[in-house]
Amino acid sequence: MCDDAHAQHGAAPALAQEFESALKVPLEPVDSVELVSLIDNVTDAFMPDQGPAKRIGLRIDARRPAALMAEGWSVDALIAEHGFAMLVTVVKGGRSRRLLFDTGPSPDG
Numbered sequence: 009m010c011d012d013a014h015a016q017h018g019a020a021p022a023l024a025q026e027f028e029s030a031l032k033v034p035l036e037p038v039d040s041v042e043l044v045s046l047i048d049n050v051t052d053a054f055m056p057d058q059g060p061a062k063r064i065g066l067r068i069d070a071r072r073p074a075a076l077m078a079e080g081w082s083v084d085a086l087i088a089e090h091g092f093a094m095l096v097t098v099v100k101g102g103r104s105r106r107l108l109f110d111t112g113p114s115p116d117g
């Protein structure tokens, strides 16, 4: 159950000020924003090849050494980091700008 216990005691505003950013970024109105999800922590091993995209699928014949496995090997499956990437297109006054918003745990990713 949700209640206003923190608000009644004044704790919430103190926490908000403690974590509030010192940098204020003024935002301008725009005509449109388009977000295209490039990756969002999802892998579908059953998805077939489509156009130029070739997928590894469920190949159990491809093996790789795995010292911790009982047989000494494991299926050579896709190895990737979790991440989140969006292609952002902003339109204002007939002009468009694009930027890639990409996050992930490694600097090399």
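Numbering (the numbering used here), first residue to last: 9 to 117. Even glycine gets a Cβ: it sits at the ideal position worked out from N, Cα and C.
Look at the beta carbons and you see the region 35 to 54 touching the region 92 to 112: at least three pairs across the two are nearer than 8 angstroms. Cβ contact annotation for W81 (same chain, cutoff 7 angstroms, sequence separation greater than five): R71, R72, P73 and A74, in chain order. In this structure, DSSP gives V96 an extended state, which the three-state scheme calls strand. In the structure shown, the three-state DSSP call for L43 is strand. Per DSSP, L35 lies in no beta strand (DSSP E) and is assigned neither H nor E.
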